[in-house]
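Note sheet for the following structure.
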Amino acid sequence: MSSIKSPNWMLMPDESIIDVSKLKGYEWINLRKQIEDLSLEPCYRRYMERLAVVNVSLFVFLSELLAFLHVFLQIIYKGITLRTTVPFIVIMVLIPLILLICFRDKKKYARFSLWNILASCAATLMIVLMDTFFMALSAGPDVHLRSSYDHIVTISIYSLMPISVYGKPSFLGFASTVIYFLYYVYSSLSIKEPISISTHGSYAIHLVSLNIFMEGFRIFIEYNLRMMILNRRKLLYQNFKLRSAVLMENDTMEQLLSSNIRTTLKAEMYKRIDEQRQGMRYFVSTLLFIELYSNISILIANIINYQLITQLDVSEILEILNGICVRLDESAAKHNVLPIQFLGNFLSCISGIMPKSTRHTNECVDLALDLINIIDEIGQEKELELAIRVAVHDGEAFTAIVGRQKCCFDIWSQDVAIAHCMASLGRKNMVHVSQKALRLLHSEYNYENGPEEAQKHSLLQKANITTYLIGPQPRVIKSTNFFMHLHKDSESSSDSLPQSTMQRSSFITVSRASTAFDWKDLDEVRQKTASCLLEKVEYMPVDSINLARIFDFSDRIERGNEDYIINSYITPFWRIYRNPEVESGYGNQPDVFFKYAILLMVFVATVFCIMALLPPFSSVISYKMLSMYSILIIICLLGFYNKITRRISKHNTASPAKFFLHRWLCTLCRWLEEKRMLRSIVYILCVWMVYFLGTQEAIKLRRDELKLIADKTLLSPSIVEPWEASEHMILVIMLFTFLSVPLIFKAALIVLLCMVHILTLYVFYNIKHSKQKTNMGLPAEVASVWHLLSACIYYMILDHHIIYLTRVSYYFLRNAEKKLEQIEKSKSNAEHILANMLPTYLVPIFMKHPSNDPPYHKYVAKVAVLFASIVNFPLDTTSLRVLNEYICYFDDLIEEYATGFKVEKIKVMNWTYVAACGLEAGDNLSQSSRTSIRKPGRGHLSRVSTVSIGEHIQLPELQNYNPRFHHPSLEYSDYCVLYLVHFAVDMLRIMQDISMQNLTMKFPNAMPGQLKIGISHGPAQSGVVGQSRFYFDIWGQTVNWASIMAEKGVTGHIHVTENTARTLSLFDIKCYYRGLEDNPIEGRSSTYLVDLNDELNFQQVDEASWLQFPNDDRSAKSKSRKTVKYDRRDEPSSDGKYKSQ
1126 MSSIKSPNWM
1136 LMPDESIIDV
1146 SKLKGYEWIN
1156 LRKQIEDLSL
1166 EPCYRRYMER
1176 LAVVNVSLFV
1186 FLSELLAFLH
1196 VFLQIIYKGI
1206 TLRTTVPFIV
1216 IMVLIPLILL
1226 ICFRDKKKYA
1236 RFSLWNILAS
1246 CAATLMIVLM
1256 DTFFMALSAG
1266 PDVHLRSSYD
1276 HIVTISIYSL
1286 MPISVYGKPS
1296 FLGFASTVIY
1306 FLYYVYSSLS
1316 IKEPISISTH
1326 GSYAIHLVSL
1336 NIFMEGFRIF
1346 IEYNLRMMIL
1356 NRRKLLYQNF
1366 KLRSAVLMEN
1376 DTMEQLLSSN
1386 IRTTLKAEMY
1396 KRIDEQRQGM
1406 RYFVSTLLFI
1416 ELYSNISILI
1426 ANIINYQLIT
1436 QLDVSEILEI
1446 LNGICVRLDE
1456 SAAKHNVLPI
1466 QFLGNFLSCI
1476 SGIMPKSTRH
1486 TNECVDLALD
1496 LINIIDEIGQ
1506 EKELELAIRV
1516 AVHDGEAFTA
1526 IVGRQKCCFD
1536 IWSQDVAIAH
1546 CMASLGRKNM
1556 VHVSQKALRL
1566 LHSEYNYENG
1576 PEEAQKHSLL
1586 QKANITTYLI
1596 GPQPRVIKST
1606 NFFMHLHKDS
1616 ESSSDSLPQS
1626 TMQRSSFITV
1636 SRASTAFDWK
1646 DLDEVRQKTA
1656 SCLLEKVEYM
1666 PVDSINLARI
1676 FDFSDRIERG
1686 NEDYIINSYI
1696 TPFWRIYRNP
1706 EVESGYGNQP
1716 DVFFKYAILL
1726 MVFVATVFCI
1736 MALLPPFSSV
1746 ISYKMLSMYS
1756 ILIIICLLGF
1766 YNKITRRISK
1776 HNTASPAKFF
1786 LHRWLCTLCR
1796 WLEEKRMLRS
1806 IVYILCVWMV
1816 YFLGTQEAIK
1826 LRRDELKLIA
1836 DKTLLSPSIV
1846 EPWEASEHMI
1856 LVIMLFTFLS
1866 VPLIFKAALI
1876 VLLCMVHILT
1886 LYVFYNIKHS
1896 KQKTNMGLPA
1906 EVASVWHLLS
1916 ACIYYMILDH
1926 HIIYLTRVSY
1936 YFLRNAEKKL
1946 EQIEKSKSNA
1956 EHILANMLPT
1966 YLVPIFMKHP
1976 SNDPPYHKYV
1986 AKVAVLFASI
1996 VNFPLDTTSL
2006 RVLNEYICYF
2016 DDLIEEYATG
2026 FKVEKIKVMN
2036 WTYVAACGLE
2046 AGDNLSQSSR
2056 TSIRKPGRGH
2066 LSRVSTVSIG
2076 EHIQLPELQN
2086 YNPRFHHPSL
2096 EYSDYCVLYL
2106 VHFAVDMLRI
2116 MQDISMQNLT
2126 MKFPNAMPGQ
2136 LKIGISHGPA
2146 QSGVVGQSRF
2156 YFDIWGQTVN
2166 WASIMAEKGV
2176 TGHIHVTENT
2186 ARTLSLFDIK
2196 CYYRGLEDNP
2206 IEGRSSTYLV
2216 DLNDELNFQQ
2226 VDEASWLQFP
2236 NDDRSAKSKS
2246 RKTVKYDRRD
2256 EPSSDGKYKS
2266 Q
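Structure representation (structure tokens):
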């Protein structure tokens, strides 16, 4: 027998549970090994001990029922007699007393198992003796009695007696078999009947075969109960995982939307996640849910000389920004202020949302002063001339989730715009507050008049805003070197932090560390799950609320008993699920024991054939019996086909079938297990064939006997009795245990078989003249029928109990599958939430390692960065909805660039859309992924076919782009520029389409706004900042130049740097000289505009285009033939508006 463990057993991601039907060896042995490997054997043993109590009570109930019915039949047909009635009354009284020890508490008895075994032996011996020798002593000398309940005793030993749990039932079963056989021989000798192979041999074979059959029955019960324990463990394990997944989802959502935000916005966020999960919607409008908050304080801050930070090494950049972010979260939590965005040099917060406070303005100002101290301390420690301008204004703000991919939670309103303006016009390291905010400060701060520029600004004058400056106050943050403190905090516990800080900055790491399992230590998880399951076993369903409960004398735990829970899902009588969908799922489960059930059928049919071969009628087997027996063997071999091929295979699992006949046989074998209708039809037909084999033997014997009697050849009394056919019928009825159909269908089939059998007895046998009665006190015709009906009653009640246990097992399995679906949905939600904060290629990394310690960072040698600013846009709720439409359109467009050189949305800053291309080129663009083909797009945005670049690299072809050449100096990484400029042109086309629709449809509320795009490419640093909230960003001169290109660009055009223009020219895309622009770090540099025609198609490079890239800028201006293609009216005026549209 091969081991159940696979080579990757310890590395399996899910519970280490293997489908035992796919392994070599027998399923129940593999399942035993799996239970042992998962440390669940104590749970199984304890459950069996609890189940033994219910089984004993069920046995007592059945014993009392059958004894009562037997006495009742005696009263009806012959009246009460002392010799025939007293034995059954004694059984009814003594059986509960003998088995009373089985209901006691195990802890009170040192050898509880031994007492249960002895009780089983005593009860069995009493019933056997009462059914055999005691009745023989009370009978007359010429009466041949057969035992009434030999089959009941044998079935009970293997299924309901305590010895089936605490000992070896086969010893007791064969011992009772010997007693019954000896009694049968004694009864025959008492009436001087000769011992014959046909009668006594058949009876011995019947008793032995019944014991063997019940051993198979016991294996079937063991397999189902172990599967129940495994399914219960799976449910418990999935509960643990679900709890961990929900915590991770909540923690991740906490990063995106603070717990102070109203639940309506979170519901809107989940709605967006569902939309993302369903896939692209291709320019379908998304409703924008807006929350209005009035009487709140708005804080806007800008870090001065932020470019100095971006010039540092990436590790230092992350150290500084992560320090600012962590300190911001700590200070915000201390002052009850809600951080909204942290975008490197820009951050925003609001106060006064939840909980309501009259000091929300003071809290914002206190946070602003803390920020000034934080930036000053970091600047001094890093020797950087850093400063910050902070503005605080009171008013109203709209909060909304904008976009479809990487949804942005931000605030908008006229008051927010005023705060932005105040932040840009403030003084460094001072808090710029409005007159309205100053009135709410309760005169607690020293202040001075605001800067003169602010008093003259048109936006502030229009809103009648007077501003003031609040400088550093005596209340400062006392701390030592922050970065040393930050490193110590990562090594020590968070107990030293204030409670609010712990809840805010350490919420994610603490909750994940304390509530989620360490899934790396699989052994520890197994032990923890097994120990929890051992506690749950005490409450698992054992069918303790059936009729047999009246004979349950144990101290049962009623509180928390899961039987009462299951009872609401399963009908008490027919044992079917109340939900038809669940019932259908239960019936459609694969039946791995189907082949073994067919094997038992072959065994029973073999027994019948052996009995038919016994003399004196050894010629009873006909061609019909041989044909049916052959069909059973063929079906059995077909059921075992996959098992046989797996056994002879060199691998642990079966290899794929190649030969067509082998493939068909494998498929048919699999269908027999998986297709409910097919296996039910096959099984019922096989049962009828077995029944025919059993009755055919007895019927043919009776026919031959009647023929001999007619010929006066047989003068002695008949030796062919109806009990042989009835004994065969009992084995046939027991076969229905393995048929996975509702109990009502089983009952109907059994009733039909019984009716057919009873008619057979009356047609082919003269039962009234039978010498072998069954028991004293009943007529022969009643005794023969009762012998069969008692077995049917006993079996139906026993099967009623077994079906309940199997359905409970499926209930656990189905709930575990539901939990798994919830886990997958929760994980998917967490992934989509992370995807709204991080690039998609970072989501798997942060799902496996949720902590950002140490902060993630990456250097990218060549990346293209895009800034797209929407200008000429009014600030009101209608325009906010329009902005959401624009962002959603851009998000839909970005899905068209999801493979190859993927365009990644970075962030949305107010009215600016930031994207990059080539961030993951080093990680995910292997040769295999580079040869992928994009899925078809829509409209003019689609990419079709592929274009070869070099020997191995292929990229999707871009529509409306037909280059005449690919310059040999192009590198693979240069294609990030090509893709991003195509993305930019598609953005312009979207804006153009919207403008054309507005002009054509003449909407009264046309979508305003124009687009200015700036692109630059080159090296950049990327990283994730924050602990309680993750912020992904990119830094470097490439980003700074892209921002400058958008700020100084032209509406409706793409403004690029000289380096980017040179690269585009190598792709046969023409650019023309725009002018010189200033960069605070690198100085002045030439810039260019991408040449587009009226249809927004690229223009090809000509000779003049090549001449405009000289070695210096002065010769560039003299040699350029086309240097101006924009109107100065497009430049913004001092009030922020544009002179022309």
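Every number in our numbering is 1125 more than the matching position in the sequence shown, counting from 1.
Every residue gets a Cβ at the ideal spot worked out from N, C-alpha and C, and that includes glycine.
The structure presented is a predicted model; accordingly, all values stated were derived computationally and were not measured.
List the whole-angstrom C-beta distance separating residue i from residue j, where the pair is believed to meet the contact cut-off of C-beta under 8 Å.
| i | j | result |
| --- | --- | --- |
| V1515 | L1496 | 6 Å |
| C2013 | V2028 | With a Cβ gap of about 16 Å, C2013 and V2028 do not count as contacting. |
| M1255 | I1216 | 6 Å |
| I1320 | V1310 | 7 Å |
| G2148 | K1983 | 7 Å |
| I1869 | W1699 | 5 Å |
| V1278 | S1295 | No, V1278 and S1295 are not in contact; Cβ-Cβ is about 14 Å, not under 8 Å. |
Going by C-alpha to C-alpha distance, which of the options sits closest to residue i?
| i | options | result |
| --- | --- | --- |
| A2186 | A2167, T2176, E2172 | A2167 |
| V1729 | G1819, I2012, I1252 | G1819 |
| K1147 | I2012, L2214, E1798 | E1798 |
| I1282 | S2153, L1270, Y1309, T1249 | T1249 |
| E1573 | T1862, L1565, T1591, H2142 | T1591 |
| I1465 | V1541, E1444, S1419 | V1541 |
| L1509 | V1907, L1453, E1441 | E1441 |
| K1653 | V1490, Q1580, F1365, L1566 | F1365 |
| R1175 | Y1202, E1708, E1660 | E1660 |
Is the distance from the Cβ of residue i to the Cβ of residue j below 8 Å?
| i | j | result |
| --- | --- | --- |
| N1447 | V2150 | yes |
| N1349 | L1967 | no |
| V2106 | I2194 | yes |
| L1584 | I1536 | no |
| I1220 | A1244 | no |
| T2212 | T2176 | no |
| L2044 | V2102 | no |
| R1850 | M1921 | The sequence given here has Ala at residue 1850, not Arg. Cβ atoms of A1850 and M1921: not closer than 8 Å. |
| A1522 | L1424 | no |
| F1070 | F1345 | With the chain running from 1126 to 2266 in the structure shown, residue 1070 is simply not present. |
| I1756 | I1398 | no |
Please list, in chain order, all residues of the same chain as residue i whose beta carbon is under 7 Å from its beta carbon, the five residues on each side excluded.
| i | result |
| --- | --- |
| K2250 | At K2250 the pLDDT is 36, less than 50, meaning the model places this residue with poor confidence; the figure from the coordinates comes in the next sentence. Cβ within range, chain order: Y2197, L2214. |
| G1764 | F1719, K1720, I1723, C1794, L1797 |
| H1485 | I1421, S1422, S1476, G1477 |
| F1676 | S1182, V1185, F1186, P1221 |
| M1753 | M1814, F1817, L1818 |
Between which residues of its own chain and residue i is the CB-CB distance below 8 Å, once the five residues before and five after are set aside?
| i | result |
| --- | --- |
| P1715 | S1146, E1798, E1799 |
Can you list, in chain order, the residues of its chain whose CB lies under 6 Å from that of residue i, leaving out five sequence neighbours each side?
| i | result |
| --- | --- |
| S1621 | At S1621 the pLDDT is 36, less than 50, meaning the model places this residue with poor confidence; the figure from the coordinates comes in the next sentence. Nothing meets the Cβ criterion. |
| T1640 | Only weak support exists for where T1640 lies, its pLDDT of 40 falling under 50; the value from the coordinates is given anyway. Cβ within range, chain order: L1372. |
| E1189 | M1217 |
| R1932 | I1695 |
| L1511 | N1430, I1500, G1504 |
> How do the segment 1504-1511 and the segment 1468-1486 stand: do at least 3 beta-carbon pairs fall below 8 Å, yes or no?
Replying inline: At 8 Å Cβ cutoff, the stretches do not touch.
>> Check whether the segment 1553-1573 and the segment 1444-1459 are in contact - that is, three or more C-beta pairs closer than 8 Å.
In response: Verdict: no, contact absent.
>> Counting beta carbon pairs with one atom in the segment 1946-1959 and one in the segment 1305-1321, are three or more of them shorter than 8 Å?
In response: Taking 8 Å as the limit for Cβ pairs, the verdict is that the segment 1946-1959 does not touch the segment 1305-1321.
>> Pairs of beta-carbons, one from the segment 1431-1443 and one from the segment 1518-1536, closer than 8 Å: are there three or more?
In response: The segment 1431-1443, when compared against the segment 1518-1536, does not touch it at the 8 Å Cβ threshold.
>> For the segment 1937-1951 against the segment 1366-1377, do three or more pairs of beta-carbon atoms, one drawn from each stretch, fall closer than 8 Å, so that the two count as touching?
In response: Two segments are said to touch when three or more pairs of C-beta atoms, one from each, lie closer than 8 Å; by this definition the segment 1937-1951 touches the segment 1366-1377.
> Okay, do the segment 1910-1921 and the segment 1329-1338 touch, 3+ Cβ pairs below 8 Å being the bar?
Replying inline: Short answer: they don't touch.
> If you pair each beta-carbon of the segment 1690-1697 with each one of the segment 1232-1242, do three or more pairs fall below 8 Å?
Replying inline: Using a Cβ-Cβ distance cut-off of 8 Å, the segment 1690-1697 and the segment 1232-1242 are not in contact, since fewer than three pairs of beta carbons, one from each stretch, lie closer than that value.
>> Under 8 Å, with one C-beta from each stretch per pair, do the segment 1168-1185 and the segment 1374-1381 reach the 3-pair mark?
In response: By the criterion of at least three beta-carbon pairs nearer than 8 Å, the segment 1168-1185 is not in contact with the segment 1374-1381.
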